[in-house]
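Participant: Read in order, the letters of the sequence shown correspond to residues -4 to 446 in the working numbering.
One structure, pasted below without further comment.
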Amino acid sequence: MKRTGSFLLSCMALLSICLVPASAAEDSASEAYRDLAEYWAPTIYQDVNESYHVRTDFPTRFDYDGDWRGDNNWENLLNYEENPSAYFSVRETLTHYFIEYDFYYPRDDGPVSLEKHENDLEGCILAIRKDDSEFGTLQLMETQAHNHWYQYSNDGAISSGSDDIDGGILLDGYRPCIYISANGIGTDAGHGVKAYDGRAANGGDGIIFRFVNGTSVMPADTSGSYTHAYDYALVPMDELWDRRYDVGGSGHTYNDWGHFHGDTYTDSSCTLPWIKDDPDDGPLYDGVYWSDPAFFIDTHLNGLGEFSHEYLFNPYYTHKITVVDIMSCANKDSFNDESDIYMKISVDGLIYIDQNHWKDNQAPKNVKKSVFLGKEQAEFGDEYSEPFNTIYFARQDNTEVKIEVLDKDGTSGDDTMGTLTATPAPGETVVWTDQPTSTGEARVSAIVEAR
């Protein structure tokens, strides 16, 4: 069990459920990691499409027009300076830095209404291995285009996991090069982010955004195939994360949880990182790359070497859950056969952990089994770089966390063995020690922390 601490262990020894205040010490903002983010800031090969005005293809700040309304950004595009910018955020584990860069565009335009919406955000994440150098070594990069993730390796030992490797990384000196598509229609459009592969710009026009010192001015010339280069600013993603509850549609930043508000072509435009999901990347669900990038990358890829899930800095989650052990107290299969137990963990009604992550076939009654993801008979398999049992999620505050224990049944529906539920307020921690589920057919030891 990672970083539980003697206080929590003593709580678990004494109490079935206890509430303890979160640490008063708050993590500093990603601004503290600015030097790291600037060092690794990717060189951006930005395609442009004159059919929809080249300014629609300049990444900028959401508040480029001086306000935080989401429903006037389309209209204001040609009325304000659009200084090139990228949002950044950082998480740190014992072994890695994870640096996320997100690129915002006031318009996602195209030839048909289905392609058009106000506000657009795509991104990439770098895994930087910590070593004796000041800024570490680039190990891999994942990019996002149209809700699909693409993996690029800078380490020959890395192999496919739940997702495959899409290629290598071209470097501009030591910085990774990325390609961002222009407005338009089709798979190579809509500001999708991929690794740059050296090709000329589509249609012969495209520009480069190369970080120098963050002095950002609006590009004046987009002609030629990546002929002209411009600096860009780095803005902490905290500016958008800290406004995540500014919801309600008209006049607000967000329409609802995790969606920008825009009233041009659609009311609810573009998902934010804390709810984005790739539907075909294996057992990973909404927003995990934002809240728990170690879990995200360690699921996607293998051969990562020393790779820790223990965070030293991660302010971008709302719920932290550690499952210590599970005990089967009933034989649910026919003829009193032993249960094949697994758990479903859900936050705010969304399931994040299931039989893919941990399952114990033929679990004997009244025998406590330690839980580590990927172990026992997990259906995804033993794919992880180290044993871990703590996961991080980003959902709304004051929402229900549920752990359900089930018996896997291949011939009929899975049988529930009861649930544990809690709705901790921010700053509270719920500790269950050998806690019977609602049916009494299983017992669970777990810690649920609301940030």
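C-beta: ideal position from N, C-alpha, C; glycine also.
Fair warning: this is a prediction, and the values are worked out from it, not measured in the lab.
Between which residues of its own chain and V242 is the CB-CB distance below 7 Å, once the five residues before and five after are set aside?
Facilitator: Once the five neighbours on either side are set aside, the close Cβ partners of V242 are Y249, N250, D251, W252.
Participant: Where does the unbroken beta strand (DSSP E) through W427 begin, and where does it stop?
Facilitator: 423 to 431 is the span of the beta strand (DSSP E), which, as asked, contains W427.
Participant: Please report the straight-line C-alpha distance between Y75 and F388, rounded to a whole angstrom.
Facilitator: When rounded, the distance between both Cα atoms is 37 Å.
Participant: Determine the direct distance from the alpha carbon of Q391 to that of K403, and round the result to whole angstroms.
Facilitator: Computed Cα separation, rounded: 30 Å.
Participant: Can you tell me whether N44 is buried or exposed, with buried defined as 16 or more other CB within 10 angstroms of its CB?
Facilitator: Label assigned to N44: buried.
Participant: Can you tell me the Cα-Cα spacing of E333 and G435, whole angstroms?
Facilitator: Whole-angstrom Cα-Cα distance: 16 Å.
Participant: Give me, in chain order, the residues of the same chain whose beta-carbon lies closer than 6 Å to that of K111; leave out the 5 immediate sequence neighbours on both sides.
Facilitator: Closer than 6 Å at Cβ, skipping near neighbours: D104, G105, Y260.
Participant: Compute the Euclidean distance between the alpha carbons of R102 and S433, then round it to the nearest angstrom.
Facilitator: Going from the Cα of R102 to the Cα of S433 covers about 49 Å.
Participant: DSSP state of P101, grouped into three classes?
Facilitator: Residue state, collapsed to three classes: strand.
Participant: What did DSSP end up calling G199 once you bin it into helix, strand or coil?
Facilitator: G199 falls in the helix class under three-state DSSP.
Participant: State the DSSP-derived secondary structure class of T248, mapped to helix, strand or coil.
Facilitator: Residue state, collapsed to three classes: coil.
Participant: Checking the sheet assignment: what are the DSSP bridge partners for Q139?
Facilitator: According to DSSP, Q139 bridges with W144.
Participant: Pairs of beta-carbons, one from the stretch 56 to 66 and one from the stretch 273 to 283, closer than 8 Å: are there three or more?
Facilitator: Segments in contact, no.
Participant: Could you check what DSSP says for R194 in three-state terms: helix, strand or coil?
Facilitator: R194 falls in the coil class under three-state DSSP.
Participant: Roughly how many angstroms lie between the CA atoms of E137 and F308, to the nearest whole one?
Facilitator: Near 20 Å, if we compare the C-alpha coordinates of F308 and E137.
Participant: Inspect the beta-carbon positions of N178 and D276 and report whether they are closer than 8 Å.
Facilitator: Cβ distance not < 8 Å, so N178 and D276 don't count as in contact.
Participant: Per DSSP, which residues does C172 bridge with? Please list them.
Facilitator: In DSSP, C172 forms a bridge with T38.
Participant: Look at V443 and V366 and say whether their C-beta atoms are less than 8 Å apart.
Facilitator: No, the Cβ-Cβ distance between V443 and V366 is not below 8 Å.
Participant: For N74, name the three-state secondary structure that DSSP assigns.
Facilitator: Correct three-state label for N74: coil.
Participant: Could you compute how far the alpha carbon of R194 sits from the alpha carbon of S220?
Facilitator: If I take the Cα positions, the gap works out to 9 Å.
Participant: Which value, in whole angstroms, describes the spacing of the CA atoms of L415 and L345?
Facilitator: The alpha-carbon atoms of L415 and L345 are separated by roughly 15 Å.
Participant: Count the other CB atoms, across all protein chains shown, that sit within 10 Å of the CB of N361; report buried if there are 16 or more and exposed otherwise.
Facilitator: Exposed is the call here.
Participant: Helix, strand or coil, according to DSSP, for R205 in the structure here?
Facilitator: Here R205 sits in coil by DSSP.
Participant: Using a Cβ-Cβ cut-off of 7 Å (strictly less than) and excluding sequence neighbours within five positions of D410, which residues of its own chain qualify?
Facilitator: Taken in chain order, the residues that qualify are K327, L401, D402, D404.
Participant: Which class does S155 belong to by DSSP, given the choice of helix, strand or coil?
Facilitator: Note: S155 maps to strand in three-state DSSP.
Participant: Would D42 pass as a contact of I175 if the rule is Cβ separation under 8 Å?
Facilitator: The answer is yes: Cβ separation under 8 Å.
Participant: If you measure from the beta carbon of V207 to each beta carbon in chain B, is any gap under 8 Å?
Facilitator: Of the chains in the structure shown, none is chain B; there is only one protein chain.
Participant: Could you tell me which of E234, S245, I120, P359 sits nearest to K189, measuring between CA atoms?
Facilitator: Of the candidates E234, S245, I120, P359, the one whose C-alpha sits nearest the C-alpha of K189 is I120.
Participant: Return the CA-CA distance between E301 and A152, expressed in angstroms with no decimal places.
Facilitator: Rounded to the nearest angstrom, the two C-alpha atoms are 12 Å apart.
Participant: Take the Cβ of G369 as the centre, count every other Cβ of all protein chains shown within 10 Å, and call the residue buried at 16 or more, exposed below.
Facilitator: So G369 ends up on the buried side.
Participant: Please classify T419 as buried or exposed, where buried requires at least 16 neighbouring CB atoms within 10 angstroms.
Facilitator: First, the residue type needs correcting, since residue 419 is Pro and not Thr in the sequence shown. The residue in question, P419, is buried, as its Cβ has 16 or more Cβ neighbours within 10 Å.
Participant: So P471 and F330 are in contact, right, with Cβ under 8 Å, and what is the actual spacing, rounded?
Facilitator: There is simply no residue 471 to check, as the chain begins at -4 and stops at 446 in what is shown.
Participant: Report the option in F255, T428, E399, Y227 whose CA atom is closest to the CA atom of T55.
Facilitator: Minimum Cα distance to T55 is reached at Y227.
Participant: Whole-angstrom Cβ separation of E117 and N68, contact assumed at under 8 Å?
Facilitator: Wrong, their Cβ atoms sit about 16 Å apart, outside the cutoff.
Participant: State the CB to CB distance for the pair C265 and R438, rounded to an integer number of angstroms; the pair is presumed to be in contact (CB under 8 Å).
Facilitator: Not quite, the Cβ-Cβ distance comes to about 43 Å (not below 8 Å), so this is no contact.
Participant: Out of Y311, D115, L235, H304, which has the shortest C-alpha to C-alpha gap to F383?
Facilitator: Measuring from the Cα of F383, the nearest candidate turns out to be H304.
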